[in-house]
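One structure below.
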Amino acid sequence: MRSTVQDVMTTDVAAVNQTASFHTVAELLISKGVSGMPVLDDDNHVIGIVSEADLLAKEEFKERYYGDDYRPPLRARIRHTAGSEGSGFRKSLGETAGDLMTSPAHVTDANAPVVTAARLMDRYGVKRLPVVDPDGRLIGIVSRRDLIKVFLRPDRDIEQDVREAVRTDLHSMDVTVADGIVTLSGTLAEHSQAVTAGRLAENVDGVVAVHDTLTWKHDDIADLPVWGGA
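In C-alpha cells, the structure reads:
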C-alpha cells in the first residue's frame, strides 16, 4: 500500500490572510517555528506562500532607502547586477502578506502519493506544499520532514507490504527487513520473476534499499531474441 499525502500531512496549519500585516506574519513565523506558511483569501483559498526569505527582502534592499552607508549582502548585489531584482524590490516595500507572498503557490491534494509530493517539491525547489480540497481551500500542509516519515515505518509492516506486492512463489522466496533494508533470498523458477520481485520491493513505502540475492532455475531473459545488428 502506497502512502498518500493525507497519511503524513499536518492539519494544524499556521496560515495568514492576505491582509495580515508584516509584523503579524513575522510574529507567526517565529511563534509557530516555521519558515513559511500559506496565504489565504477571505474564502480560505490558498493564493500564495510567505516565507522568511520574503520578509528578508526588507533587509536585502535596505540600501535603496538607507543610503550609501549600508552595504547589502553579496546575493543582493549579484541580483542587482543581474537585473533580476524587480520582485524582491517590490517585496521590500510590502506591508501585508499579500504584498510579500510568492504567488501562485504550488499545492497538492490529500490523495496524491507521497512520491508525487516529493517530486513536486524537487521540481519547484520548495520546502512545503499546502494541501487543498477540490475547491482549492486549505486543509493541511506537507513538508519535507513529513515526507521522511514514510521511512520510519516498522520493519514488520514493510515486510508484509513487500510480500503482498511480490506474490511470486513466496514459498520459494524469503523476505527479511532490518532498518528498512529488504533482503530477498531463495530460488525462483524464472530469471524474470527475480527481476520483477526486486523492482516491486523497491517501490514499497519505507524501503531504504533492496539486497537481492535471488537465484533462478531457468534464465528466460537470456532466451529472449536480440534484435538489431549491422
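Residue numbers for the sequence shown follow the numbering used here, so the first one is -18 and each next one is one higher.
For glycine and all other residues, C-beta sits at the position ideal for the given N, C-alpha and C.
Inset, instruction - Work out the CA separation of Asp114 and Asp90 for me, nearest whole Å. - result: Position 109 of the sequence shown holds residue 90. Position 133 of the sequence shown holds residue 114. The straight-line gap from Cα to Cα measures roughly 6 Å.
Inset, instruction - Please work out which residues of its chain come closer than 6 Å, Cβ to Cβ, to Gln(-13), disregarding the five sequence neighbours upstream and downstream, and give them in chain order. - result: In the sequence shown, the residue the question calls residue -13 occupies position 6. Cβ neighbours of Gln(-13) beyond the five flanking positions: Ala91.
Legend entry - Leu37 (DSSP reduced to helix, strand or coil): Locating residue 37 in the sequence shown gives position 56, where the first residue counts as 1. Secondary structure of Leu37 (DSSP, three-state): coil.
Legend entry - Backbone secondary structure at Glu183 - three-state DSSP: The sequence position of residue 183 within the sequence shown is 202, counting from 1. Three-state DSSP puts Glu183 in a helix.
Legend entry - Buried or exposed (CB count within 10 angstroms, at least 16 for buried), Asp142: Counting from 1 along the sequence shown, the entry for residue 142 is found at position 161. By the C-beta density criterion, Asp142 is buried, having at least 16 other C-beta atoms within 10 angstroms.
Inset, instruction - With distances taken Cα to Cα, identify the nearest neighbour of Val15 among Ala86, Ile30, Asp23. - result: Here residue 15 refers to the residue found at position 34 when the sequence shown is read from its first residue. Ile30 is the residue among Ala86, Ile30, Asp23 whose C-alpha sits nearest the C-alpha of Val15.
Inset, instruction - Would you identify the three-state DSSP class for Ile129, choosing helix, strand or coil? - result: As a first step, residue 129 must be located in the sequence shown, where it is residue number 148. The answer is helix: DSSP assigns Ile129 an H, G or I state.
Inset, instruction - Would you check if the distance between the CB atom of Gly17 and the CB atom of Arg104 is smaller than 8 Å? - result: By one-based count along the sequence shown, residue 17 stands at place 36. By one-based count along the sequence shown, residue 104 stands at place 123. One thing to note: Gly17 has its Cβ no nearer than 8 Å to the Cβ of Arg104.
Legend entry - Presumed contact (8 Å Cβ cut-off) between Asp127 and Thr(-9), rounded CB distance: Within the sequence shown, numbered from 1, the residue matching residue 127 stands at position 146. Within the sequence shown, numbered from 1, the residue matching residue -9 stands at position 10. Their Cβ separation, rounded to whole angstroms, is 6 Å, which keeps Asp127 and Thr(-9) in contact under 8 Å.
Legend entry - Nonlocal neighbours in the same chain, by C-beta distance under 7 Å from Leu101, ignoring five residues either side: Along the sequence shown, one-based indexing puts residue 101 at 120. These residues qualify, in order along the chain: His87, Thr89, Leu110.
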